[in-house]
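Quick notes on the structure that follows.
Chains as they are written, first to last, in the numbering used here: chain B, 1 to 414; chain A, 415 to 828.
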């Protein structure tokens, strides 16, 4: 394979995670040292920045700051939720992309995101091929939701899982200090896949986590839920902890978080699922005190409680994308293959997944990892998730607070 | 002063903090090694446990586990919110306390809590003196609210402040990733004192915190708030971050969190202050996206993000209480005196505050530490708070998760 000389652009897409910038660091630091990548650009707000010709010249950044990206949460370049039209229907965006690629002599396109972003990668690559423009396209996986197909797990999941398990262990202590107990409902992210909510079982494994766990993979049964919660509270001095995924639905497809309330214009007011479950509990078993907590954005950006395993793997994913592209690969997304050592120790090897396979497919928690009653995950889930939260992200500090990367963001001229 | 031989009891009271157990470790480890304290008891659920004669024999615990208490959040012995009646009006509880003190030969009473708990200490001590029962009584301060009178600061505040500033820095990154900004409202604990909400300014000092800060010390002006938020959002691509104390009130004394909504029985439905401010913003400036976050219980039990300074000072407060009582002092609460070294470095010395002075007095954020407009704190607040969040609580871990103390809680026999 002949060496392809030219510039590289990297973009971040979709919801942030606490390690997405670690992948950025992996891409940038590797690309800057690669012999054949002539310029390294960061796209402002993902594909949007390329369409707008707004690219940052990463060569102008201090190397030290690029290393700081490893522990800087969220998308340092800015993110975007933008779905490219099918090129067969509307070529406008693609023509513009090609124009910018030519303008900056971009021959390497790295895109970091989830399902939708891999679809974007795939479409861009197909178009460039059709247009006869030589360009290597590589996806870098990312999502706290852990729902990407074809990879053992996704960068971002381990750190969010570690934060959730840690925080639940702490809240568990707090919830039980008074002589009269309380029912605690915790809302966790995950619209269609319950990986993050399942991670709350890691706290339970330590004797300080939820009694009941509800994933979006199974229909939510209101009566059974109220029975289970009441039974547990009754047997435990009023105490019961519940972890619920934001996306749980009834068997008829209605979201549990849809409170049924309508505003003055008749629009549905979607409350949180914790609020909805809390109201149900207060009505059905008013003898118990109920508190609700929504982990909200905190869970996806808590780099101060990051998993070292996750941070390192995210970096490695970015690095591998560049190395493989330089070596001639294109149209792949980097993925993780779990390996098991002689003594059962966890290992993780990089692999490549064809973009056409990974795009737009969701990986859910297998039914056999959820208990029969559908209100907890079993030891298979724990075995899967536990290695991913190991090690502490040893983040740099300044004045007792995290020291995030400070990028100059010099706008590149074509 | 003659040595007083006898047992010691320690109780925890009021809302938990992430370092209240560090004070417990200080009390226990010091008392167990004191020559004249014959037995060390932990009261189950504070004063409630003493009234019920439910005491744990701390001598039965592994010393290693007592050290683990330093980084175990919340009240390991259980807490209570129980206000003793005036002895002049109703002696029932006091008689019972005296009975239990005699039964267990308790000659040292250590009580860990905030304003109310110091009031309890004071009342118990007065009664024992009147009854001619020799007993030394010492308060150990505790409250994330930092509102205790007579001490530079309170154990628990530094760690909560560090967690709040860290989390806000992270959320700030997350809130600004899209090309269209958002207004973010964060609700922080503090019913009457704004110390914790003020701590969000530490994140702002790092360029990644709130633009507006509202403390309960000043009346909340709805019109000015909406104007300020709109102005900032307009100037910053729709971005504005707001930190508000749960206890902010209008000039007429109404809580901002009182949404005015009534349930079917006509009871006021108190929502969170973030929800209330969020609704105001959505109505007044609907062109901006608004998100709300309630830091909830997370902020008071996040020992994984504890301040080393705070953890050590909390331990020292417990240790000092025991040492001073053994040396003959009684009717004091341990307090902190801030010292400044030759090069301006922060120091903290233990001091004793008469219980009668500390009980039931609240310390608020001084007006001159808040800016003139009443929507931010100034550099005096930063100078005060910054030293308190220094150092990382290096907590023990197991399986990538915190390793909390595991107490046997052996019930003591009189």
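Don't be surprised by glycine CBs; every beta carbon is placed ideally from N, CA and C.
Can you list the residues of chain B that residue i reaches, using a CB-CB cut of under 9 Å?
i: residue 459(A); result: 177, 178 and 179
i: residue 707(A); result: 294, 296, 297 and 298
i: residue 579(A); result: 400 and 401
i: residue 576(A); result: 400 and 401
Compute the distance between the beta-carbons of residue i and residue j, then report whether it is under 7 Å.
i: residue 7(B); j: residue 106(B); result: yes
i: residue 196(B); j: residue 188(B); result: yes
i: residue 242(B); j: residue 220(B); result: no
i: residue 155(B); j: residue 192(B); result: no
i: residue 412(B); j: residue 119(B); result: no
i: residue 226(B); j: residue 375(B); result: no
i: residue 405(B); j: residue 68(B); result: yes
i: residue 350(B); j: residue 334(B); result: yes
i: residue 824(A); j: residue 471(A); result: yes
i: residue 4(B); j: residue 28(B); result: no
i: residue 816(A); j: residue 169(B); result: yes
i: residue 720(A); j: residue 389(B); result: no
i: residue 594(A); j: residue 652(A); result: yes
i: residue 745(A); j: residue 709(A); result: no
i: residue 431(A); j: residue 556(A); result: yes
i: residue 315(B); j: residue 151(B); result: no
i: residue 473(A); j: residue 425(A); result: no
i: residue 531(A); j: residue 429(A); result: no
i: residue 526(A); j: residue 554(A); result: yes
Mind checking residue i: buried by the 16 CB within 10 Å criterion, or exposed?
i: residue 341(B); result: exposed
i: residue 250(B); result: exposed
i: residue 293(B); result: buried
i: residue 725(A); result: buried
i: residue 362(A); result: This structure leaves residue 362(A) out entirely; chain A is present only between 415 and 828.
i: residue 62(B); result: exposed
i: residue 72(B); result: buried
i: residue 580(A); result: buried
i: residue 714(A); result: buried
i: residue 343(B); result: exposed
i: residue 415(B); result: Because chain B here runs from 1 to 414, residue 415(B) falls outside it and cannot be looked at.
i: residue 604(A); result: buried
i: residue 624(A); result: buried
Bridge partners of residue i, per DSSP?
i: residue 332(B); result: 138(B) and 354(B)
i: residue 812(A); result: 815(A)
i: residue 663(A); result: 669(A)
i: residue 752(A); result: 762(A)
i: residue 470(A); result: 456(A) and 825(A)
i: residue 596(A); result: 703(A)
i: residue 240(B); result: 183(B)
i: residue 307(B); result: 392(B)
i: residue 426(A); result: 526(A)
i: residue 377(B); result: 370(B)
i: residue 85(B); result: Answer is none; residue 85(B) lacks a bridge partner.
i: residue 562(A); result: 776(A)
i: residue 708(A); result: 601(A)
Mind pulling the chain B residues with CB within less than 7 Å of residue i?
i: residue 804(A); result: 400
i: residue 717(A); result: 170
Mind listing the chain A neighbours of residue i? Cutoff is C-beta to C-beta under 9 Å, in chain order.
i: residue 16(B); result: 587, 588 and 591
Residue i versus chain A: which residues are under 8 Å apart at the beta carbon?
i: residue 169(B); result: 815, 816 and 818
i: residue 48(B); result: 593
i: residue 245(B); result: None at all; the shortest Cβ gap to chain A is about 18 Å.
i: residue 73(B); result: 584, 587 and 588
i: residue 307(B); result: 814
Using the beta-carbon of each residue, which ones in chain A are nearer than 7 Å to residue i?
i: residue 415(B); result: Since the displayed chain B opens at 1 and closes at 414, residue 415(B) lies outside it and no answer follows.
i: residue 210(B); result: Within chain A, no residue comes near residue 210(B); the closest Cβ sits about 14 Å away, beyond 7 Å.
i: residue 159(B); result: Simply none; closest approach about 11 Å.
i: residue 206(B); result: 815
Please name the residues in the stretch 490-506 of chain A whose beta-carbon is closer than 9 Å to at least one beta-carbon of chain B, in chain order. 490, 491, 492, 493, 494 and 495
Which of the residues in the stretch 23-37 of chain B, read from start to end, lie with their CB under 8 Å from any CB of chain A? none
Got a sec: which bits of the stretch 369-395 of chain B sit with their beta carbon under 9 Å from any beta carbon on chain A, in order along the chain? 386, 387, 388, 389, 390, 391 and 392
Looking at chain A, which residues of the stretch 113-143 of chain B have a Cβ within less than 7 Å of any of its Cβ atoms? none
Between the stretch 180-195 of chain B and chain A, which residues of the former have CB atoms less than 8 Å from a CB of the latter, in chain order? none
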